[in-house]
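**Q** Here it is: the structure, laid out below.
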Amino acid sequence: MKDSPLLIATANPGKLSEFRAIVPRTIELVGIDGLGIIMPPERGATFLENAEAKASFAARESGLLALADDSGLQVDSLAGEPGVRSARFAGEPPDDRRNRQLLLQKLKGTPPPRRTACFVCAVAFAAPSQILGRSTGCLSGHIALEERGSGGFGYDSVFLVPDGRTLAELLDEEKNVMSHRAVAIAKILPDVLYERTIRRESRRNES
Numbered sequence: 000m001k002d003s004p005l006l007i008a009t010a011n012p013g014k015l016s017e018f019r020a021i022v023p024r025t026i027e028l029v030g031i032d033g034l035g036i037i038m039p040p041e042r043g044a045t046f047l048e049n050a051e052a053k054a055s056f057a058a059r060e061s062g063l064l065a066l067a068d069d070s071g072l073q074v075d076s077l078a079g080e081p082g083v084r085s086a087r088f089a090g091e092p093p094d095d096r097r098n099r100q101l102l103l104q105k106l107k108g109t110p111p112p113r114r115t116a117c118f119v120c121a122v123a124f125a126a127p128s129q130i131l132g133r134s135t136g137c138l139s140g141h142i143a144l145e146e147r148g149s150g151g152f153g154y155d156s157v158f159l160v161p162d163g164r165t166l167a168e169l170l171d172e173e174k175n176v177m178s179h180r181a182v183a184i185a186k187i188l189p190d191v192l193y194e195r196t197i198r199r200e201s202r203r204n205e206s
């Protein structure tokens with residue numbers, strides 16, 4: 000019997016693309032758009048709270064195992080802003096371009112050594128009845144003086160990695176090795192594989 004797909008609780012095509020690039024191809028992934036699921040507003044005070052809420056909701060609504068992430072940018076000289084408000088930093092509706100412009104405006108005149116930042120990602124893995132796993136990943140870097148690169152999404156074009164390029168200037172395969180999301184997904188994959196194996200064996204025993 001074929002395994003059920005793993006639901007990725009996002010409607011963001013950029014995030015879904017990254018999950019597809021990182022999760023083994025032997026696992027079929029589906030997004031919430033294909034299932035008609037509309038996620039509730041994010042109300043958590045931390046990335047992990049938001050990830051857990053999204054994974055639990057998506058799993059209950061679909062009856063599938065679900066992975067969800069919440070991620071954002073923390074800039075040291077802005078006391079951790081934009082943080083959990085990263086997607087809506089410039090207000091509603093969410094707009095990546097306006098978010099980046101506001102960030103660069105707030106950092107205007109801040110010298111490079113004081114533009115340190117960290118991309119944070121929290122991932123939660125859930126069944127309809129419970130949370131099965133949690134993980135976090137972080138990528139440290141600096142905020143550029145201006146946007147560079149055409150790849151990625153969100154704040155990628157203003158986030159400098161240690162080699163001096165922005166995330167938007169990296170090849171997808173380079174980004175998907177070092178990104179905060181890649182680190183968090185790699186940490187939680189053993190939980191996903193274990194649960195899918197247990198469920199597969201249970202179905203075999205029932206048949």
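With the first letter of the sequence shown counted as 1, position 174 gets the number 173 in numbering that gives the first Met the number 0; the numbers rise by one all the way through. Yeah, the Cβ is synthetic: ideal placement off N, Cα and C, and Gly gets one too.
Starting from the Cα of Glu194, find the closest Cα among Ala65, Ile21, Asp32 and give me that residue.
**A** Taking the first residue of the sequence shown as position 1, residue 194 is located at position 195. Considering only alpha carbons, the answer is Ala65.
**Q** Might you give, ordered along the chain, the residues of its own chain that have their beta carbon closer than 7 angstroms to the beta carbon of Gly62, omitting 5 neighbours on each side?
**A** Against the sequence shown, residue 62 aligns to sequence position 63. These residues qualify, in order along the chain: Pro127.
**Q** Helix, strand or coil: which one does DSSP assign to Gly132?
**A** As a first step, residue 132 must be located in the sequence shown, where it is residue number 133. Three-state DSSP puts Gly132 in a strand.
**Q** Taking the beta carbon of Ala10 as the centre, do at least 16 other beta carbons fall within 10 Å, making it buried, or is it exposed?
**A** Within the sequence shown, numbered from 1, the residue matching residue 10 stands at position 11. Counting Cβ neighbours within 10 Å, Ala10 comes out exposed, since fewer than 16 surround it.
**Q** Does the separation of the CB atoms of Lys105 and Leu77 fall below 8 angstroms?
**A** Taking the sequence shown and counting its residues from 1, the one referred to as residue 105 is at position 106. Taking the sequence shown and counting its residues from 1, the one referred to as residue 77 is at position 78. Going by C-beta atoms, Lys105 is nearer than 8 angstroms to Leu77.
**Q** Take the Cβ of Gly33 as the centre, count every other Cβ of all protein chains shown within 10 Å, and call the residue buried at 16 or more, exposed below.
**A** Here residue 33 refers to the residue found at position 34 when the sequence shown is read from its first residue. Gly33 should be labelled exposed.
**Q** Under the three-state reduction of DSSP, which class applies to Phe88: helix, strand or coil?
**A** Position 89 of the sequence shown, counting from 1, holds the residue named residue 88. Here Phe88 sits in coil by DSSP.
**Q** Any idea if Asp162 is buried or exposed, counting beta-carbon neighbours within 10 angstroms, 16 or more meaning buried?
**A** Position 163 of the sequence shown, counted from the first residue, corresponds to residue 162. Exposed, since its Cβ has fewer than 16 Cβ neighbours within 10 Å.
**Q** What separation, rounded to the nearest whole angstrom, lies between the Cα atoms of Leu6 and Glu145?
**A** Position 7 of the sequence shown, counted from the start, is the residue given in the question as residue 6. Position 146 of the sequence shown, counted from the start, is the residue given in the question as residue 145. Distance between the alpha carbons of Leu6 and Glu145 is about 36 angstroms.
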